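Numbered by my numbering, the letters in the sequence shown go through residues 249 to 649 in order.
Since the structure comes first, as structure tokens, the remarks are kept for the end.
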Amino acid sequence: MSRYYDFFCPVKLMAGEQALEQLPDELMALGARRPLLLTDKGVAGTGLATLLAGVMAEGGLAVAAIWDEIPADSSTAVVERIARHYRELDCDSLVALGGGSVIDTAKAVNILATLAPRDGETGGGRLLDYAGAGCLTRPLNPLAVVPTTAGTGSEVTLVAVIKDEASGRKVPFTSPFLLPRLAVLDPRLTRGLPLNITAATAMDAMTHAIEAFIGNARNPVSDALALMAVEKIATALPKVLEQPQDPHLRLQLAEGSTLAGMAFSNSMVGLVHALGHSLGARCHLPHGLCMNLFLPAVLDYNRPEIDDALARLLLPLAGAERFAATPAPQRAQATLDALHALRDTLWQAVGLPRTLREAGLTDKGLLPEIRDLAINDGALLYNRKDADRAQLLALLERVWE
Numbered sequence: 249m250s251r252y253y254d255f256f257c258p259v260k261l262m263a264g265e266q267a268l269e270q271l272p273d274e275l276m277a278l279g280a281r282r283p284l285l286l287t288d289k290g291v292a293g294t295g296l297a298t299l300l301a302g303v304m305a306e307g308g309l310a311v312a313a314i315w316d317e318i319p320a321d322s323s324t325a326v327v328e329r330i331a332r333h334y335r336e337l338d339c340d341s342l343v344a345l346g347g348g349s350v351i352d353t354a355k356a357v358n359i360l361a362t363l364a365p366r367d368g369e370t371g372g373g374r375l376l377d378y379a380g381a382g383c384l385t386r387p388l389n390p391l392a393v394v395p396t397t398a399g400t401g402s403e404v405t406l407v408a409v410i411k412d413e414a415s416g417r418k419v420p421f422t423s424p425f426l427l428p429r430l431a432v433l434d435p436r437l438t439r440g441l442p443l444n445i446t447a448a449t450a451m452d453a454m455t456h457a458i459e460a461f462i463g464n465a466r467n468p469v470s471d472a473l474a475l476m477a478v479e480k481i482a483t484a485l486p487k488v489l490e491q492p493q494d495p496h497l498r499l500q501l502a503e504g505s506t507l508a509g510m511a512f513s514n515s516m517v518g519l520v521h522a523l524g525h526s527l528g529a530r531c532h533l534p535h536g537l538c539m540n541l542f543l544p545a546v547l548d549y550n551r552p553e554i555d556d557a558l559a560r561l562l563l564p565l566a567g568a569e570r571f572a573a574t575p576a577p578q579r580a581q582a583t584l585d586a587l588h589a590l591r592d593t594l595w596q597a598v599g600l601p602r603t604l605r606e607a608g609l610t611d612k613g614l615l616p617e618i619r620d621l622a623i624n625d626g627a628l629l630y631n632r633k634d635a636d637r638a639q640l641l642a643l644l645e646r647v648w649e
């Protein structure tokens, strides 16, 4: 009997040169008349927010305001403050310009902007009233996402993660209604991204694709997207280090990130993310850096259960010539070798760490704490191989140096 699966991604994607110029008409077709533009100080400082606002105005849809005070680790208080501003300005839609934090913030603002009670009404008015899965009951206002990094895939995922200021914990919000209506991939928006961030975010996307392809919730549609994502990232990433202004390479990385986002949003991620979430939370390290640290070690740990999938990954990762020259029984190991070689290239080119020591950790006493966080991470449920506390600690020891 064939295993049941479903796949859902209703986001309209606009990609390529001048993709940004399509946004005003597409938003107006959704009924938008007064969009609020959300971004952060870093992106605003590059001039991209001004560029986008100008494009919107020229297209006949001027933004009501630009909110550029979104922090790197956004919180419930920030979301609630922006939602109040949205209502004061009588906005009817959102445009998110930035990376993962900006996009997650916009998704969360959209919850309150659409569903929270207005004056004289009763019901949930706090963001946390809508936390968890399945708490949203109807579509939200139009949201367009314009990523300025190529890694999170948040433009096509149904999840947002926001910090609860009261408890300090990261709170997930999950619903198909959180998916943006529109996403724009324009190479102008990532061309100025520093190479160290380019590398880290690309390895985040690579991990999304690979974990989607090897996990126990994979399906044929997510497989196809994941394989294409790996090919685009593996082809473009080494080249963009030498040609950072090349629009074709920048677009390839953005497309790879989006394809990977489509894949893992439907087939989930696994142990690399469980460890990476935990390391990032405990040691305040960037997410893409954490993915790069753990990816090869976790893949090796999952063998032999994933050897068939690993062997198939050699073709998009290393190319047809390498695949054809490698005997079938050796392809799984060759995939791991290719990943190690890519990480070595990134270490030499931009200093992207390969070990916990290279990432700046000096106290091995932190490893049990990271292990204790990882054992409770939901991503473990989708890993092909179980991991107990001892095995998680052994993996952390392995990645130490």
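The C-beta atom is built at its ideal place from N, Cα and C for all residues, glycine as well.
Computed from a prediction, not measured in an experiment: that's the story for all the values here.
Residue i to residue j, Cα distance in whole Å?
i, j, result
"Ala-576", "Ala-557", "12 Å"
"Thr-483", "Ala-267", "23 Å"
"Ser-423", "Thr-385", "9 Å"
"Asp-367", "Arg-335", "With a pLDDT of only 48 at Asp-367, under 50, the local geometry of the prediction cannot be trusted, and no value is derived from it."
"Arg-570", "Leu-261", "33 Å"
"Leu-644", "Ala-522", "12 Å"
"Lys-411", "Gln-578", "44 Å"
"Met-510", "Gly-463", "15 Å"
"Lys-633", "Pro-616", "20 Å"
"Arg-439", "Leu-388", "31 Å"
"Glu-553", "Asp-377", "40 Å"
"Ser-250", "Asp-555", "22 Å"
"Asp-620", "Leu-629", "16 Å"
"Phe-542", "Met-276", "43 Å"
"Asp-204", "Pro-258", "The requested residue 204 does not occur in the structure, where the chain is confined to residues 249 to 649."
"Ala-325", "Ala-398", "27 Å"
"Ala-305", "Ser-470", "37 Å"
"Ala-472", "Leu-547", "20 Å"
"Pro-390", "Leu-614", "43 Å"
"Glu-479", "Leu-406", "24 Å"
"Pro-601", "Val-647", "11 Å"
"Glu-369", "Asp-321", "With a pLDDT of only 46 at Glu-369, under the threshold of 50, the placement of this residue in the model should not be trusted; the figure read from the coordinates follows. Straight-line Cα distance between these residues: approximately 31 Å."
"Gly-528", "Asp-611", "15 Å"
Taking the alpha helix (DSSP H) that residue i belongs to, which residues open and close that run?
i, result
"Ile-318", "Run containing Ile-318: none; DSSP gives neither H nor E here."
"Pro-272", "271–277"
"Leu-437", "Counting along the chain, Leu-437 falls outside any alpha helix (DSSP H), and DSSP gives it neither H nor E."
"Ala-572", "568–573"
"Ala-361", "348–363"
"Ala-331", "324–336"
"Leu-300", "296–306"
"Ala-292", "289–293"
Identify whether residue i lies in helix, strand or coil by the three-state DSSP scheme.
i, result
"Thr-583", "helix"
"Glu-369", "Reliability of the predicted coordinates at Glu-369 is poor, the pLDDT of 46 falling under 50, and no value is obtained from them."
"Ala-381", "strand"
"Ser-341", "strand"
"Phe-461", "helix"
"Leu-473", "helix"
"Val-404", "helix"
"Phe-255", "coil"
"Thr-422", "strand"
"Ala-431", "strand"
"Asp-592", "helix"
"Ala-280", "coil"
"Leu-388", "coil"
What residue range is occupied by the uninterrupted beta strand (DSSP E) comprising residue i?
i, result
"Val-647", "That residue, Val-647, is in no beta strand (DSSP E); it is neither H nor E in DSSP."
"Leu-286", "283–286"
"Val-311", "That residue, Val-311, is in no beta strand (DSSP E); it is neither H nor E in DSSP."
"Ala-398", "Per DSSP, Ala-398 belongs to no beta strand (DSSP E) and is neither H nor E."
"Ala-263", "260–263"
Determine, using beta carbons only, whether residue i and residue j come nearer to each other than 8 Å.
i, j, result
"Ala-345", "Val-291", "In the sequence as presented, Ala is not what sits at residue 345; that position holds Leu. Yes."
"Ser-526", "Ala-607", "no"
"Ala-379", "Val-357", "no"
"His-496", "Pro-544", "no"
"Leu-430", "Ala-392", "yes"
"Leu-286", "Val-432", "no"
"Ile-351", "Thr-294", "no"
"Ala-364", "Ala-453", "no"
"Val-598", "Asn-467", "no"
"Ala-460", "Ala-474", "yes"
"Ala-301", "Asp-316", "no"
"Ala-245", "Leu-427", "Since the displayed the chain opens at 249 and closes at 649, residue 245 lies outside it and no answer follows."
"Ser-402", "Gly-348", "yes"
"Ala-457", "Leu-485", "no"
"Leu-309", "Ala-354", "no"
"Arg-241", "Ala-582", "This structure leaves residue 241 out entirely; the chain is present only between 249 and 649."
"Ala-586", "Ala-566", "yes"
"Ala-627", "Val-517", "yes"
"Pro-420", "Ala-502", "no"
Are the C-beta atoms of residue i and some chain D residue less than 8 Å apart?
i, result
"Asp-412", "Going by chain labels, chain D is absent from the structure shown, which holds only one protein chain."
If we require 4 or more residues per run, which alpha helix (DSSP H) segments fall completely within the region 490–565?
495–515, 519–531 and 535–549
Ignoring anything shorter than 3 residues or poking outside the region 598–640, list the beta strand (DSSP E) runs there in chain order.
none
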